[in-house]
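With the numbering used here as the guide, the letters of the sequence shown map in order to residues 235 to 413. Data block below; observations after.
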Amino acid sequence: MERTDGMPRVGIVMGSDSDMPVMAKAADILEELGIPYEMAIISAHREPDVFFEYAKKAEEKGFKVIIAGAGMAAHLPGMCAAIFPMPVIGIPMHTTSLGGRDSLYSIVQMPSGIPVATVAINGGANAGLLAAKILATSDPELLEKLKHYSAKLKEQVEQKDARLQREGYKAYLESQKKG
Numbered sequence: 235m236e237r238t239d240g241m242p243r244v245g246i247v248m249g250s251d252s253d254m255p256v257m258a259k260a261a262d263i264l265e266e267l268g269i270p271y272e273m274a275i276i277s278a279h280r281e282p283d284v285f286f287e288y289a290k291k292a293e294e295k296g297f298k299v300i301i302a303g304a305g306m307a308a309h310l311p312g313m314c315a316a317i318f319p320m321p322v323i324g325i326p327m328h329t330t331s332l333g334g335r336d337s338l339y340s341i342v343q344m345p346s347g348i349p350v351a352t353v354a355i356n357g358g359a360n361a362g363l364l365a366a367k368i369l370a371t372s373d374p375e376l377l378e379k380l381k382h383y384s385a386k387l388k389e390q391v392e393q394k395d396a397r398l399q400r401e402g403y404k405a406y407l408e409s410q411k412k413g
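The following block contains the structure:
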């Protein structure tokens, strides 16, 4: 759904291609819900001029929300929030040195006046869902899609429980191991 109607509603930006597997989960959710987006790799530290241009033009491009993923110092979400006047959702990336706590603290500890909504470490899917929920406040059709998505999740849990009740936990676990 990347730029399907020429006007992406969500910008997805990451500082490195190593963040792509997590950011792809946000894109997958947006695609499932029919929300056009644009995805980019931009380093706030290595190419600040490119980053500033991206953040300054995001509103003009039609973005209503930016999802920004970053690891370690994790300045990308906060800097987006400092420039972009609408919601920014930060995804802290898991890091090998501190397990993503460094990223989480960097994103969540924003100064007063510059909020960044923050999801769990590697929480790409939840970032996509949060962006959709923000957009759904003014889009009744999207709200209905989100309600359907939630109903589908409930149904999946009910099916798993029915299987557990039918098979018992030992057989259930054994079949999980087999894949």
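The C-beta atom is built at its ideal place from N, Cα and C for all residues, glycine as well. Here the structure is a predicted model, which means the values were calculated and not measured.
Please classify Pro326: does DSSP put it in a helix, a strand, or coil? One-based indexing of the sequence shown puts residue 326 at position 92. In the structure shown, Pro326 sits in a strand (DSSP, three-state: E or B).
Skipping 5 residues on each side, what residues in its chain have a beta carbon closer than 8 Å to that of Lys295? For the purposes of this step, residue 295 is identified with residue 61 of the sequence shown, where counting begins at 1. If we look at Lys295 and ignore the five residues flanking it on each side, its Cβ neighbours are Met241, Pro242, Gly245, Glu272.
What residue does the alpha helix (DSSP H) around Met344 start on, and which one ends it? Here residue 344 is taken as the residue at index 110 of the sequence shown, counted from 1. Met344 -> no alpha helix (DSSP H), and no H or E assigned at all.
Quick check on DSSP: helix, strand or coil for Val350? Within the sequence shown, the letter at position 116 stands for residue 350. The answer is coil: DSSP assigns Val350 none of H, G, I, E or B.
Give every residue of the same chain whose Cβ lies closer than 7 Å to the Cβ of Val350, excluding the five residues on either side of it in the sequence, and list them in chain order. On the sequence shown, residue 350 is found 116 positions in, with the first residue counted as 1. Pro311, Gly312, Ala315, Val322, Gly324, Ile341, Met344, listed in sequence order.
Taking Gly305 as part of the alpha helix (DSSP H), name the residues at either end of that continuous run. Numbered from its first residue, the sequence shown carries residue 305 at position 71. Element bounds for Gly305: n/a, residue is neither H nor E.
For Asp267 versus Tyr406, is the C-beta spacing smaller than 8 Å? In the sequence shown, the residue the question calls residue 267 occupies position 33. In the sequence shown, the residue the question calls residue 406 occupies position 172. Going by the sequence as given, residue 267 is Leu instead of Asp. Not a contact, by the Cβ cut-off of 8 Å.
Quick check on DSSP: helix, strand or coil for Gly357? Reading the sequence shown from its first residue, position 123 is the one you call residue 357. Three-state DSSP puts Gly357 in coil, outside helix and strand.
By the 10 Å Cβ neighbour count, where 16 or more other Cβ atoms means buried, how is Ser372 classified, buried or exposed? Here residue 372 refers to the residue found at position 138 when the sequence shown is read from its first residue. So Ser372 counts as exposed.
Any idea what DSSP makes of Ile276, helix, strand or coil? To locate residue 276, count along the sequence shown from 1; it is residue 42. DSSP places Ile276 in coil when its eight states are reduced to three.
Which whole-angstrom value describes the C-beta separation of Ile263 and Ala366, a residue pair presumed to lie in contact below a C-beta threshold of 8 Å? Locating residue 263 in the sequence shown gives position 29, where the first residue counts as 1. Locating residue 366 in the sequence shown gives position 132, where the first residue counts as 1. At roughly 7 Å, the Cβ-Cβ gap stays under 8 Å, so Ile263 and Ala366 are in contact.
Going by the DSSP bridge assignment, what does Val247 pair with across the sheet? Counted from its first residue, the sequence shown places residue 247 at position 13. DSSP lists Ala274, Ala302 as partners of Val247.
Please state whether DSSP places Leu332 in a helix, a strand or coil. Taking the sequence shown and counting its residues from 1, one reaches residue 332 at position 98. Judged by DSSP in its simplified three-state form, Leu332 adopts coil rather than helix or strand.
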